[in-house]
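Novice: Numbering (our numbering), first residue to last: -8 to 96. Glycine included, each C-beta is placed from N, C-alpha and C at the ideal position. My questions will all concern the structure given below.
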């Protein structure tokens, strides 16, 4: 039993640790880059979801405003709203006024 444990301890010594220090540092930097990348990806996903919800809300608002405009631009609604100003709906079609120029006889 003491044989395998002792071999393992001999493999992990100060000299081997110092020799592999650049590789261990490289692995640590890779781990930090991986963590930062995952955080940035999650942040972007949250932003995309937020913008998707905002787009849905704006679409509903657009549809609501469009339907309100269609309703208010009907002839009956327009005549109701301008009645307060004293304007009335024409009962006869408009007539064209033609002026003769002074040079023409």
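#1: How far does the alpha helix (DSSP H) with residue 13 in it reach, from first residue to last?
#2: Measure the CB-CB distance between residue 66 and residue 80 and report whether it falls below 9 Å.
#3: Taking only three categories from DSSP, how would you classify residue -8?
#4: Out of curiosity, what's the CA-to-CA distance linking residue 76 and residue 70?
#5: Give the secondary structure of residue 82 by DSSP, where H, G and I count as helix, E and B as strand, and everything else as coil.
#6: Reducing DSSP to helix, strand and coil, say where residue 90 ends up.
#7: To the nearest angstrom, how far is it from the Cα of residue 56 to the Cα of residue 68?
#8: In angstroms, rounded to a whole number, what distance separates the CA positions of residue 88 and residue 64?
Specialist: Short version:
#1: It spans 12 to 63 - the alpha helix (DSSP H) in which residue 13 sits, taken as one unbroken run.
#2: Contact: yes.
#3: Here residue -8 scores only 49 on pLDDT, less than 50, and its place in the model is too uncertain to base an answer on.
#4: So the two alpha carbons sit approximately 10 Å from each other.
#5: Looking at residue 82 - three-state DSSP - the assignment turns out to be coil, as it is neither helix nor strand.
#6: Note: residue 90 maps to coil in three-state DSSP.
#7: In a straight line, the C-alpha of residue 56 is about 16 Å away from that of residue 68.
#8: Each residue's alpha carbon lies about 28 Å from the other.
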